[in-house]
Structure formats: C-alpha cells, structure tokens
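Here the structure comes first, spelled out in structure tokens, and everything after it is commentary.
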C-alpha cells in the first residue's frame, strides 16, 4: 500500500453557510462593487441565498449597499440595481515598491480603489536601515495624503529585488541593495506599519499586477519579463503566480548565457550581465566611441560616456545603422534568454515590462521575431501597460488578498 | 468595474453527499486497498459517514471488502480491520509507451496492480501506420496475457515523443518518428482499443510515474530531466504536471545552448544536439580515434566507431583520463541546460532519468556539482528508479485517473 496524504476535511451542513459566504465575499472582491443579481450569476447561488448572505454581511458592517453609477444602460431600461461593495472605511491596504533606485507607496481601500501614492528616488541611500527609514517615510506620506492612520491598515505588501523567503518575508539573496541580504524585511516593516506585512520579489508582484489590471488580465499561462538594469521573470501557471520551492522561481538573470567578451562582476548573473540594461549601455558607448558612431555621440551631447538607452533607441529610430546594430545585438542576446524560458514553459503570452520596455514596439517586434526563430512553439508578445507602478500595484493586490482573507476568518468565526 | 469570471457554483445540501462520495473514492484511489478507519482519517469524515458511503459503493458494485493481508501489526494487537478497494474485475486500464525505438504495453486493474506487460523493439518500423499496427499488436499481447478483453478496458493512455495537443491527443511536433507529426494519435488508437484514449508527451508521463511510484513520491515542485538520445524535461508544480499552454512545456532540447563546433540537423534542438546521447557518442568516438584514446579503442573492440555510452562510462570508471575528459565535457554541456531550468523554476528536487541515467552516480554527482556552481539556489538531485518502464507506468496512472473520474460520474448520476 502506498502512503497518501490527507485528502482534506469535508462536510457538515453548517459548512455550507460558510462556503456560501466565502463565495459571495470572493465575488465582491474579484468584481468590485456589484449588484445582487450579478453576485448570483457569479457564484451560481440562488437569489434568496445571495440575499441572506449579503444582508448578514451588511448587518455585520462588512458590506455597504450604494446606488448605481449615474450612467444608464440603454439595453436594459428601468431602474438599475444597487451595488454591493466593501464598506470603504472598514480598513485600508498599503502597497510598497522598494527598488534599487526608487520607492513607491500606494494606499487603497478594500475595493482596490487607489486613494493616494507617494514616490521618491532612492539612488542616494546606502545600507538597509537607511532604505527602511526612507520606505517608512514614503509610506507615511502616502497614508497622510489618503487620510489613513497606520492603525487603519488591514495589510501591507512590499516588493523588492532579490529572492524573498516565504512566508517569513526574509531576503535570502539581493546583490542589488547593499545590506539587504539576510534582512527580515516583512518583520522590520511590521514594527512601524503593523501586521500583516507580506514581502515578495518585485517581479512576482509586477506579474500579479499585470494579471489584475494590466496587459494579461485573466490569463492562465503567461511569462512576465522585466527588462531593466536587472533582468527578471515572473511565471504565471493556471492563473496563479508560481514562486518555486523557495521563492526563487524566475531568476532568469542567472541563466548561463554569457557575454563571451566579458565576465560578470560578483553577484551578477551571466545573462543579466550579457543582456541587461548595463550591457546595452556598454554596447552603445563602445559604438559611440567608434569612427561610425557620430550620431550617437551627437545625441549624447558629444560625450560617448553619456549614451543611455534613450539615446540608443532615439538614434535607431532615426535610422542610424550603428544604433540599429546595437539594438539588434541586444535583441539577439535577450532573445536567447526569452526563448529559453519559452521553450521550457510554453506560455500562451509573454509580457515585456521594466525600464527598457519604454522603447515599445522598437524593442518588442524584433524581440518577438528573434524568439520565434529559436523555439518550436511561439507565444504572443505584449507590452506591459502599468509602467513603473506595476510592482506597487501588485503589492496592493497582494495586501487586498490578505485583508479579504482575514475578513473571511472574522465572518467564519461569527457564524 | 473589472470583468470577472464565474467563481464556481456552490452549494445545496445534496451536494454534500456527492462531495463525501468523491472524497472516499479519492482516498481509496490514492491509498490503494485501505481500512474504513483509515478512510475516515484520510478524508476527515466521521466514521458513520464513511460507513454510509462505503456501504453504498459496495452495494453498487464499485468496491469490494477483503480480509487484511496475512501479516500482523505487532504494535496494534487484536484483529486488523478489513480493507476496502475497487472491485478488481470492474474494469482495467492500459498504459502504452510508443517510443522512437521501443514499444511497451502494461495492463493494470483499478487498484493500479500490474497484471501483464509486453515489450517490443521498434527500430525497424517506418511510417505512422506501421508503428500504430505494432503498438496495437503489443497491446493485444499484453491484454491477452492478462486475460483482459478490449471491451473491459475503462481507459487507455499513451506516451510518445514530441508535442501532443490536449485534449485532442494530436501530435503537433515529432521529428523523432517518421510520419508521426500531425497524427491524431488518441483517435487512431481509440479505433482499435475503444474510448477514452489519452495521449501525452512521454516525458510528461515519466514524471507522473516518478511521482506515483518512483524517486519523488509526494513531491510538490520538481523537475524531471530525461537524458537519452533526446533530451526532455517534465515540470511538476504544486504536485501537478505542468503541460504549458499548448502541451509543449519542458521542450528543453530546444534551449539555445549550441555546440559551438557543430550545427544540429533539421528538427533537432540546439541543446539536444550539443548535450544529448548522440553528442556524447560523437565526443567519445573522436577521443577514441585520437592518439591517447587507446583504452576506449580497446574496450570498443578496436573500432572507434563502436564506442557507445557504456564504453565511455566503463573506461572512465577504470580511471582513463581521456574517457573522464569526455564525461566531463558532456556534464559541462548538460549542466548549462539543467542550470537554466533550475534558475527559472526553483524546483526542490531534480530527478534524472533516461538511458544515460543508467550510468548512475558517475553521471549524477558531477552533474549536481556543475549545476550548483551555476545557479543561485540549488535543488537536490536524485536518480530515476523506474528505468525504461517510467513512461508506460505514467500512462497507467493517467488511464487510472480517467477511469476513476468516469466512476465518479456514474456515482454522481446514481445519487
């Protein structure tokens, strides 16, 4: 006889009321403010059951019923039904993006509506304590602007570079921020912001945001590629973020796809060194310093050392063959890593985000073409449309999920 | 307001009986013949509920109750409880492995007990029709030995190289077997074997077998690497096989990790060409033909062209530096691909199977060491222990799941 794990506890009739309440909560959480007939449709519950559950959650103060929006639906004349949503002042959530060069804090209510945000550049920070202090100040500024007290936070989530151990929220690998490695990030933030604080890798959260509000809403199997100074990937499987056995899934920067001409410094992965933002600028500056690099030099104000990604894409857009060669070389290097992830994972769609994605179709089209040449089954390519807010919005979504889960626990205990 | 998918239909009280029956069926299917108290423990159901459901399934003829095995449990004196299992003659399943050079058919009962198998080499077959005919003959021989009629088959599953589209079971990519590409494999087999026939990629099924009976029983996040003439990978996520958006997940042979000295022929992926069984033999024969390759030549009967994997590993085991160099070169090439998959997926464990894995620790240890040097977070490495029966056993497990699902449907309809 083979060993077997428990297949899970199942059913007494009282469990049904909890299942029904959970289904209604989930529908309102996923759909935002929504009418009772729509809840019945989304949950498959009968109208009387929906009414029972909604009335109970209204009485308990979790839900609020409000008139519909001003717009009328021409296809369905007559009065439109009222909308059921979370009571907005029941609590709030905070999403934080602690990056290698920026801080962003976003405050939202339980319906996922953004109330305020605060942004700060963080190039000048050194050491974990200084970064944590700046992050807390950024969060406090956003909370202040939203008129939300720290005590009203139901949950906080934070995205950051590196590998984050779950559920502890400890950073286990992070060459990007000095002193970050080994930091119990979630615990340290909870000291000032209260519990729970959930920490995760920034690319994981960006993927969650793209699926929630961005370029791949409702996708099942997708790959998010973040192209910036660092290179990272987020893996969506069956509509869920895949974190890996120890939170390190998607560490595409470490792929053994080296730049034959140059070895990476300590802590930087081979693929990131060969195809990341720094490699792009290295290639651009070398080209600008060459005899044929006149346009690149000119657009960089005469100094090859001032060439950046914007200058290279700008010159390429003007038809400069040297700049185009640089973009082609980068695309060729990037394509090997993206093709690798595609051959392994067979995603339906690849979303490209991060700083380099601001180049838009000038990057996406040649990249898609190059990947298609390398893999047996090619996915669709789309650009991220959340810009550099993706990580903070993914943190908001993660904090919302935690807040909704704790609501569900209260409701269960009350039944 | 954001669009939202249905969150699933939930509950009426009659649903509870179905949930309970499904839980009991699942426990018996996962644990094999099992006592009523054990079913209660596995499902979390009360003893009276378990008795109700089991009695109903005994009356309906799905279950059979039998005395316990002869052995006694010293820790628990007194009579041991009777065991509940599927009625063995309720129906049978067939697992088929249609490989590039072998056919294997395995017949099992609904408890997963293997009743008979039949093996045949298939080097000499050309064309899809001939392969299909030989596969059917192999299946018929196994069924005959088991005393099972085709009409008693509740489900068949088949593993084969290439990309298999689901749920149709059509082959969309298969350079390994001439005429295989485009073949509606499941449909063609169903003409002789009856429905349902489920087809899937051979490496996917090998992974299912390793989790069922092999080296990674009960694993959650794992990677299966098949090293033979071809190179393939199977991805286990949350205890489930991940097939990808179109069934092509794990096509690691197509990773863009080329052998710099040699281009792959049409249809063969770069990584497979650089690090597969043929590359190993190519390297070994070249070494055998060199001045220092005396031992390799001798062990191959004097002819460098007769060097194969066994000869190379054998000479390396005897300490021959030339053979050791060949193994080192292969391991170095393989490690890049395995490191790639590991960096992306962060599995807890990597299982190595396929023909080359017969070399055992002589391959596994240096491979593990080389991968560890390339990735930030290293997994555990283990050898497959199902040998070349893994694909057929994975097919048996897949067919069992389909048979059990159809049983569940009958039970639901009867309630």
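Chains as they are written, first to last, in this note's numbering: chain A, -6 to 408; chain B, -6 to 408.
Ideal Cβ positions, reconstructed from N, Cα and C, are used throughout, including at glycine.
Since the structure is predicted, the reported quantities are computational estimates derived from the model, not experimental observations.
Cα-Cα separation between residue 13 of chain A and residue 161 of chain A, rounded to whole angstroms: Here residue 13 of chain A corresponds to residue number 20 of the first chain, with the count starting at 1. Here residue 161 of chain A corresponds to residue number 168 of the first chain, with the count starting at 1. Roughly 31 Å separates the two Cα atoms.
Residues of the segment 327 to 359 of chain B with Cβ closer than 7 Å to any Cβ of chain A, in chain order: 329, 332, 333, 334, 336, 337, 338, 339, 340 and 341
is_contact[residue 164 of chain A, chain B] using C-beta, thresh 8 Å: For the purposes of this step, residue 164 of chain A is taken as the residue at position 171 of the first chain. Not an interface residue.
8 Å Cβ cutoff, residue 50 of chain B in contact with chain A: Walking along the second chain from the start, residue 50 of chain B turns up at place 57. Answer no: the Cβ-Cβ gap between residue 50 of chain B and chain A never drops below 8 Å.
Alpha helix (DSSP H) segments (min. 4 residues) lying fully within the segment 286 to 356 of chain B: Segments of the alpha helix (DSSP H) lying fully in the segment 286 to 356 of chain B: 287 to 292, 302 to 310 and 314 to 338.
When A/110, A/326, A/58 and A/117 are compared against residue 138 of chain A, the one with the closest alpha-carbon: To locate residue 138 of chain A, count along the first chain from 1; it is residue 145. For residue 138 of chain A, the closest alpha carbon among the candidates A/110, A/326, A/58 and A/117 is that of A/110.
Against chain A: residues of the segment 233 to 248 of chain B by CB proximity under 9 Å: 233, 235, 236, 237, 238, 239, 240, 241, 242, 243, 244, 245, 246, 247 and 248
Contacting residues, own chain, Cβ-Cβ under 8 Å from residue 288 of chain A (five flanking each side not counted): The residue given as residue 288 of chain A occupies position 295 in the first chain. These residues qualify, in order along the chain: 308, 311, 313, 315 and 316.
Exposed unless 16 or more other CB atoms sit within 10 angstroms - verdict on residue 42 of chain A: On the first chain, position 49 is the one that residue 42 of chain A refers to. Buried.
At least three beta-carbon pairs within less than 8 Å, the segment 343 to 361 of chain B to the segment 223 to 241 of chain A: Because the criterion of three Cβ pairs below 8 Å is not met, the segment 343 to 361 of chain B and the segment 223 to 241 of chain A do not touch.
Residues near residue 210 of chain B in its chain [Cβ-Cβ closer than 7 Å; skip 5 each side]: Within the second chain, numbered from 1, the residue matching residue 210 of chain B stands at position 217. Within the same chain, residue 210 of chain B has close Cβ partners 204.
Whole-Å CB distance - residue 180 of chain B paired with residue 152 of chain B, under 8 Å assumed: Counted from its first residue, the second chain places residue 180 of chain B at position 187. Counted from its first residue, the second chain places residue 152 of chain B at position 159. Going by Cβ atoms, the distance from residue 180 of chain B to residue 152 of chain B rounds to 16 Å, so no, they are not a contact pair.
Against chain B: residues of the segment 358 to 387 of chain A by CB proximity under 9 Å: 367, 368, 369, 370 and 372
Closer than 9 Å at the beta carbon, the chain A residues around residue 193 of chain B: Residue mapping note: residue 193 of chain B aligns to position 200 of the second chain, counting from 1. Neighbourhood of residue 193 of chain B in chain A, by CB distance below 9 Å: empty, with the nearest CB roughly 13 Å away.
Residue 163 of chain B, DSSP secondary structure in three states: Against the second chain, residue 163 of chain B aligns to sequence position 170. The answer is strand: DSSP assigns residue 163 of chain B an E or B state.
7 Å Cβ shell around residue 201 of chain B - same chain, five flanking residues per side excluded: Position 208 of the second chain holds residue 201 of chain B. In its chain, beyond the 5 residues on either side, 234, 387, 390 and 391 have a beta carbon closer than 7 Å to the beta carbon of residue 201 of chain B.
Anticipated Cβ contact below 8 Å, residue 395 of chain B with residue 20 of chain B, distance rounded: Reading the second chain from its first residue, position 402 is the one you call residue 395 of chain B. Reading the second chain from its first residue, position 27 is the one you call residue 20 of chain B. Not quite, the Cβ-Cβ distance comes to about 18 Å (not below 8 Å), so this is no contact.
The segment 322 to 335 of chain B contacting the segment 248 to 255 of chain B, beta-carbon criterion three pairs below 8 Å: Verdict: yes, contact present.
Run of the alpha helix (DSSP H) containing residue 261 of chain A, from where it starts to where it stops: Locating residue 261 of chain A in the first chain gives position 268, where the first residue counts as 1. Run containing residue 261 of chain A: none; DSSP gives neither H nor E here.
Neighbour flag for residue 214 of chain A against chain B, beta carbons, 8 Å: The residue labelled residue 214 of chain A in the question sits at position 221 within the first chain. Interface residue, yes.
Alpha-carbon spacing of residue 320 of chain A relative to residue 321 of chain B, whole angstroms: The residue you call residue 320 of chain A lines up with position 327 of the first chain. The residue you call residue 321 of chain B lines up with position 328 of the second chain. Straight-line Cα distance between these residues: approximately 36 Å.
Presumed contact (8 Å Cβ cut-off) between residue 409 of chain B and residue 121 of chain B, rounded CB distance: Here chain B comprises residues numbered -6 to 408, so residue 409 of chain B is not present and cannot be evaluated.
Selection from A/185, A/79 and A/164 that minimises the alpha carbon distance to residue 130 of chain A: The residue given as residue 130 of chain A occupies position 137 in the first chain. Comparing Cα positions, the closest option is A/185.
Touching by the beta-carbon criterion (3+ pairs, under 8 Å), the segment 252 to 272 of chain A and the segment 213 to 224 of chain A: yes
In DSSP terms, what residue 192 of chain A is bridged to: By 1-based counting over the first chain, the position of residue 192 of chain A is 199. Its beta-bridge partners are A/151.
Length of the line joining the Cα atoms of residue 106 of chain A and residue 80 of chain A: Here residue 106 of chain A refers to the residue found at position 113 when the first chain is read from its first residue. Here residue 80 of chain A refers to the residue found at position 87 when the first chain is read from its first residue. Cα to Cα, residue 106 of chain A sits roughly 12 Å from residue 80 of chain A.
Per DSSP, the bridge partner or partners of residue 111 of chain A: Looking up residue 111 of chain A in the first chain gives position 118. Looking at the DSSP assignment, residue 111 of chain A forms a beta bridge with A/98.
Bridge-paired residues (DSSP) for residue 233 of chain B: As a first step, residue 233 of chain B is located in the second chain; it is residue number 240 there, counting from the start. Its beta-bridge partners are B/230.
Whole-angstrom C-beta distance between residue 146 of chain A and residue 187 of chain A, which should lie under 8 Å: Position 194 of the first chain, counted from the start, is the residue given in the question as residue 187 of chain A. Position 153 of the first chain, counted from the start, is the residue given in the question as residue 146 of chain A. Right, the Cβ-Cβ distance comes to about 6 Å (below 8 Å), so this counts as a contact.
Beta bridge counterpart(s) of residue 219 of chain A as assigned by DSSP: The residue you call residue 219 of chain A lines up with position 226 of the first chain. Answer is A/225 and A/346, bridged to residue 219 of chain A.
Member of B/244, B/261 and B/276 whose CA lies at the smallest distance from the CA of residue 254 of chain B: As a first step, residue 254 of chain B must be located in the second chain, where it is residue number 261. It is B/276 whose Cα lies nearest to the Cα of residue 254 of chain B.
Rounded Cβ spacing between residue 368 of chain B and residue 336 of chain B (contact assumed at less than 8 Å): Counting from one through the second chain, the residue named residue 368 of chain B turns up at place 375. Counting from one through the second chain, the residue named residue 336 of chain B turns up at place 343. Between residue 336 of chain B and residue 368 of chain B the Cβ distance is about 5 Å, and since that is below 8 Å, they are a contact.
Positions along the segment 280 to 307 of chain A whose CB lies within less than 8 Å of some CB in chain B: Of all residues in the segment 280 to 307 of chain A, none has a Cβ within less than 8 Å of some Cβ in chain B.
Residue closest to residue 218 of chain B, alpha-carbon to alpha-carbon, out of B/91, B/377 and B/292: For the purposes of this step, residue 218 of chain B is taken as residue 225 along the second chain, with counting starting at 1. Out of B/91, B/377 and B/292, B/377 has the C-alpha closest to the C-alpha of residue 218 of chain B.
Segment limits, alpha helix (DSSP H) that includes residue 213 of chain B: Position 220 of the second chain, counting from 1, holds the residue named residue 213 of chain B. Run containing residue 213 of chain B: none; DSSP gives neither H nor E here.
Range of the contiguous alpha helix (DSSP H) that encloses residue 270 of chain A: The residue you call residue 270 of chain A lines up with position 277 of the first chain. Segment 270 to 282, the alpha helix (DSSP H) holding residue 270 of chain A.
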